[in-house]
Amino acid sequence: MAAKSTRFMSASAQLPQLKQGPGGIFMTSQFHTKPELPPKTTNLAGQTGIITGSNTGLGFTCADMLLGFGLTHLILGVRTKSKGEAAAKQLRDKHKSPGITIDVFLLDLESYDSIQAFSHQCAALPRIDFAILNAGATEDTFKIVKATGHERLIQVNFLSTMLLATLLLPTLKSKSPPGRPGRLTIVSSGLSLHAKFPQHAARRIIPAFDVEKDFDVMDQYSTSKLLIHLYLDELVQHVDAHDVVVNCVDPGLVKGTELHRELGKVSHFVMSVMKSLSGRSLEVGASTYVDAAVVKGEETHGCFLMNWKIFP
Numbered sequence: 001m002a003a004k005s006t007r008f009m010s011a012s013a014q015l016p017q018l019k020q021g022p023g024g025i026f027m028t029s030q031f032h033t034k035p036e037l038p039p040k041t042t043n044l045a046g047q048t049g050i051i052t053g054s055n056t057g058l059g060f061t062c063a064d065m066l067l068g069f070g071l072t073h074l075i076l077g078v079r080t081k082s083k084g085e086a087a088a089k090q091l092r093d094k095h096k097s098p099g100i101t102i103d104v105f106l107l108d109l110e111s112y113d114s115i116q117a118f119s120h121q122c123a124a125l126p127r128i129d130f131a132i133l134n135a136g137a138t139e140d141t142f143k144i145v146k147a148t149g150h151e152r153l154i155q156v157n158f159l160s161t162m163l164l165a166t167l168l169l170p171t172l173k174s175k176s177p178p179g180r181p182g183r184l185t186i187v188s189s190g191l192s193l194h195a196k197f198p199q200h201a202a203r204r205i206i207p208a209f210d211v212e213k214d215f216d217v218m219d220q221y222s223t224s225k226l227l228i229h230l231y232l233d234e235l236v237q238h239v240d241a242h243d244v245v246v247n248c249v250d251p252g253l254v255k256g257t258e259l260h261r262e263l264g265k266v267s268h269f270v271m272s273v274m275k276s277l278s279g280r281s282l283e284v285g286a287s288t289y290v291d292a293a294v295v296k297g298e299e300t301h302g303c304f305l306m307n308w309k310i311f312p
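Be aware that the sequence shown starts at 1, since it is given in full-length UniProt numbering, and climbs by one per residue.
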């Protein structure tokens, strides 16, 4: 896919810079935004969708919601086969239509070999309409992924997720129905809006994240999501919206997810309290994924979606 002669500017890039601070954005998002659930007329019959990180939480709830809208073929991308099969069984037991197929593909975002194997499996499918890249990591301690030598938050949330996104693009283009672009939605976070990203001044940016003494868990996580936006802005220079619509979405703070399961006791307690007091339900959070991946159109190409709207 060749670069375009003039630089593409997404609708997000054309919006003015936000003036609200982190607290104001959080309050607006969690307390003053009316959820926009997908239209009841949404019909995904005949379509094939992929969701990573889909055996629990938002990914699982999104899978359930998509099947409720008639999705014919669902691919669950999971790190542990047994957990994926257990999730698939739950979904099959609930959605008993004989025309529904649910498959489990292994995907470990700490392994480039696993990512490539997953993308090859997807490429072998006869049809793919959309993919939602939901799998991610949180940490409150510094960890290096042995297989790659990079810090885990940056590895999983940015490097591996963007590799997978890039590998899936040709398949989404070639395996989507004629006249209808494939859809690729990447899960981001509103925290990306406030990342400090001091590593931007480093001569070699990615290795700068691998220095333990400079590790700031909150900013590392926020920056791992900001990097998705920066990569996406460049990626859409090479991808036409008529071929594949690519966007990223923030589900907000959501109750019932396992996103913070790997945090220490204190951090886990704080996040649990915040979720209890202000978190969205799993259904509302998952609806942001469905909105970005199957409801919104080509106008969201290259965009960041938050609160069911295009954000800067």
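Note that the Cβ used here is the ideal one computed from N, Cα and C, for glycine as well.
The model shown is predicted, which means the values in this text are computed figures rather than measured ones.
Are L58 and Y289 touching if we call contact CB-CB under 9 Å? Contact: yes.
So for F215, helix, strand or coil by DSSP? In this structure, DSSP gives F215 a state outside helix and strand, which the three-state scheme calls coil.
Taking the alpha carbon of H242 as the point to measure from, which residue in T300, S12, K89 and F311 has its own alpha carbon closest? With distances taken between Cα atoms, H242 lies closest to T300.
Over the uninterrupted alpha helix (DSSP H) stretch that includes T161, give me the two end residues. Its alpha helix (DSSP H) spans residues T161 to K175.
Would you mind reading off the limits of the alpha helix (DSSP H) that contains V254? If you look at V254, you'll find it isn't in any alpha helix (DSSP H); DSSP assigns it neither H nor E.
Rounded to the nearest angstrom, what separates residue 325 and K19 at their Cα positions? Because the chain spans 1 through 312 in this model, residue 325 falls outside it and cannot be assessed.
Here's the rule: buried if 16 or more other CB atoms are within 10 angstroms of the residue's CB, otherwise exposed. What is E212? Counting Cβ neighbours within 10 Å, E212 comes out exposed, since fewer than 16 surround it.
Helix, strand or coil at A13 according to DSSP, with G and I counted as helix: The answer is coil: DSSP assigns A13 none of H, G, I, E or B.
With burial defined as no fewer than 16 other Cβ atoms inside 10 Å of the residue's Cβ, what is the status of I205: buried or exposed? It is exposed - the Cβ of I205 has fewer than 16 other Cβ atoms within 10 Å.
Whether E139 touches V78 by CB criterion (9 Å): Cβ distance not < 9 Å, so E139 and V78 don't count as in contact.
Between S278, P177 and H73, which lies nearest to T33 when the distance is taken from Cα to Cα? Of the candidates S278, P177 and H73, the one whose C-alpha sits nearest the C-alpha of T33 is S278.
CB contact flag (T56, E283, <9 Å): Cβ atoms of T56 and E283: not closer than 9 Å.
Within its chain, find whatever has a CB closer than 7 Å to the CB of V156; leave out the 5 residues flanking it on each side and keep chain order. If we look at V156 and ignore the five residues flanking it on each side, its Cβ neighbours are L109, E110, G136 and A137.
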